[in-house]
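S.K.:
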Amino acid sequence: MLLQPKRVLDPLTLFTTGVDGAWYDPSDLSSLWQDTAATTPVAADGDPIRRMNDKSGNGHNLTTASLAASPLYRINGALRWLEFDGVDDTMSSALTMTLSLPSYIAACFSKAAQNSTSFFSLIKDASNYQRLINVATNNRMSGALRSTAHLTAITPTSANNNFPAATIKVADTLSISGLTDLAVNGLPSGTSPVANLWVGGDTVAGCGVQLGIGNGMNFYGGIVLLGDPAASRLPINRYLGAKGGLAL
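So the number in my numbering is just where the residue sits in the sequence shown, counting from 1, plus 31.
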């Protein structure tokens, strides 16, 4: 029997049919800037990052509110990442996206500590979002989808979603009509309860991408997709994992 090679993903293909979403890659220096107007490029370890361009072509660029709230560009060998200080570093995009189902977010990162806060989100406000959130009590990740009318949050039930501090991993969550799930490093890690779930017609306008949100973390790359990645889900995990030095 011949073994099939692992599929190599070009993330841009996720958006070629007009699907909204975003793709962020700190290893691409051409997407990183020291100012929000994109006039001063990031060039060296320790440079502040005030803007990270969205590589999907959809224009959901991330910026910071101030220099003090900006993560730093970091290099270690072949790895490149954004370092968030856990105090006030936050990047966000304009609130021009509409959260609807299906919806998918994925990121490769490590966290500095165990605290119940968000790392990577598509969000309007505290009552309307899809996000990857840490569960401080048991060292695990959770995925959550919420609107004013509906809330679904994953209760971690699998050792697959163990996510200790200072450990690089990929986490992703997919929400479809009636179901939200979570995976860590490509391994299924739990599904939502059946109560209070969104259905296909629910939407929340005025959303944007948020990264960091005051969390201490190292961010190696992320993808937001307002659609179902289907067969591309595992290749997305492998692609993002490679940005953090993982072989998934």
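From the three backbone atoms N, C-alpha and C, an ideal C-beta is built for every residue, glycine too. In this text the structure is predicted, and so the values were computed from the model without any measurement.
Compute the minimum distance between the beta carbon of residue 149 and the heavy atoms of the ligand SAH, and state whether it is under 7 Å.
M.R.: The ligand SAH is absent from the structure shown, which contains no ligand whatsoever.
S.K.: In the DSSP assignment, find the unbroken alpha helix (DSSP H) run with residue 171 in it and report its ends.
M.R.: First-last for residue 171: 171-177, but that is the beta strand (DSSP E), not the alpha helix (DSSP H).
S.K.: DSSP beta-bridge partners for residue 234?
M.R.: Looking at the DSSP assignment, residue 234 forms a beta bridge with 131.
S.K.: With DSSP as the reference, label residue 244 as helix, strand or coil.
M.R.: Three-state result, residue 244: coil.
S.K.: Figure out for me which residue from 92, 74, 103 has the closest Cα to the Cα of residue 67.
M.R.: Looking at the Cα atoms, 92 is the closest of the given residues.
S.K.: Can you tell me where the beta strand (DSSP E) holding residue 154 begins and where it ends?
M.R.: Here the beta strand (DSSP E) through residue 154 covers 149-156.
S.K.: Would you kindly check if the distance between the Cβ of residue 216 and the Cβ of residue 253 is under 8 Å?
M.R.: Contact flag unset, no.
S.K.: Can the beta-carbon of residue 137 be found closer than 8 Å to that of residue 244?
M.R.: Not a contact, by the Cβ cut-off of 8 Å.
S.K.: Would you be able to state if there are at least three C-beta pairs under 8 Å between the segment 55-64 and the segment 79-89?
M.R.: Contact holds: three or more Cβ-Cβ distances are below 8 Å.
S.K.: At 3 residues or longer, and completely inside the segment 96-132: list those beta strand (DSSP E) runs for me, N to C.
M.R.: Runs of the beta strand (DSSP E) inside the segment 96-132: 103-107, 110-116, 128-131.
S.K.: Pick helix, strand or coil for residue 194, following the three-state DSSP scheme.
M.R.: Residue state, collapsed to three classes: coil.
S.K.: From residue 249 to residue 140, what distance separates their C-alpha atoms?
M.R.: Their Cα atoms are separated by approximately 5 Å.
S.K.: Classify residue 275: buried if its beta carbon has 16 or more other beta carbons within 10 angstroms, exposed otherwise.
M.R.: Flag for residue 275 reads buried.
S.K.: Can you have a look at residue 128 and say buried or exposed, based on whether 16 or more other CB atoms are within 10 angstroms of its CB?
M.R.: Buried, by the Cβ-count rule.
S.K.: What separation, rounded to the nearest whole angstrom, lies between the Cα atoms of residue 117 and residue 160?
M.R.: Their Cα atoms are separated by approximately 21 Å.
S.K.: Can you tell me the Cβ-Cβ gap for residue 234 and residue 223, rounded? I've got them flagged as a contact below 8 Å.
M.R.: The Cβ separation is near 19 Å, so there is no contact.
S.K.: Could you check which residue in 196, 174, 209, 60 has the C-alpha nearest to that of residue 202?
M.R.: It is 174.
S.K.: Over the uninterrupted beta strand (DSSP E) stretch that includes residue 60, give me the two end residues.
M.R.: It is not in any beta strand (DSSP E) - residue 60 carries neither H nor E in the DSSP assignment.
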